[in-house]
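Student: Residue numbers (the working numbering): 4 to 143. Before anything else, here's the structure in question.
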Ligand code: CMP
């Protein structure tokens, strides 16, 4: 099934100049870049983005972290895009990730884990709408 997923290049990867590398790696898997922007999330938007984690012990910390510096957000589209991206990212904790995955190669710890990607079609729709208007998602 053709899907869209939201990815965020997190502050640790931005600091290392990896936005192009990470997005390029996903494009190299056949995914199409259909929306892209660089922004600094405020706390309210960060809380909305991570709303499913509200109440968990790491919630405040992950909200502070994602809003601590500019990030790059993108929408990638393709067959089974959500799963393709999740496999390419590797598990949430980089110390458990294969070196061949984005988090395994570039992530530092469970919070500074280089990239966020949507985990289901429902989450993707919600996350994409939080970052992009319909006319910022381009058909080509
Ligand atoms: P992400 O895919 O952006 O979604 C939620 C984020 O919370 C996750 O990546 C991690 O970076 C961060 N996080 C911090 N601690 C934990 C934890 N114990 N379990 C899951 N996610 C965590």
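Using N, Cα and C, we set each Cβ at its ideal position, and we do this for glycine too. Model, not experiment: these values are computed from the prediction.
Hey, quick one: how far does the alpha helix (DSSP H) through residue 17 stretch, first residue to last?
Tutor: Start and end: 14-18.
Student: Kindly identify the DSSP beta-bridge partner or partners of residue 41.
Tutor: Answer by DSSP bridge pairing, in chain order: 75.
Student: Go ahead and pull the three-state DSSP assignment for residue 113.
Tutor: Here residue 113 sits in coil by DSSP.
Student: Within a Cβ cutoff of 7 Å, which residues of the same chain sit near residue 36, ignoring the five residues on either side of it in sequence?
Tutor: Taken in chain order, the residues that qualify are 26, 30, 77 and 79.
Student: Relative to the ligand SAM, is the shortest distance from any of its heavy atoms to the C-beta of residue 65 smaller than 7 Å?
Tutor: Ligands present in the displayed structure are limited to the ligand CMP, and the ligand SAM is not among them.
Student: According to the Cβ coordinates, are residue 139 and residue 52 closer than 8 Å?
Tutor: No; because the gap between Cβ atoms is not below 8 Å, this pair is not in contact.
Student: Exposed or buried, what is residue 70 when buried is set at 16 or more other beta-carbons lying within 10 Å of its beta-carbon?
Tutor: Residue 70 comes out buried.
Student: Let me make sure I understand the geometry here. Which of 114, 122 and 141 has the alpha-carbon closest to that of residue 61?
Tutor: When only C-alpha atoms are compared, the closest one is 114.
Student: Identify every residue that forms a DSSP beta bridge with residue 7.
Tutor: DSSP lists 80 as partners of residue 7.
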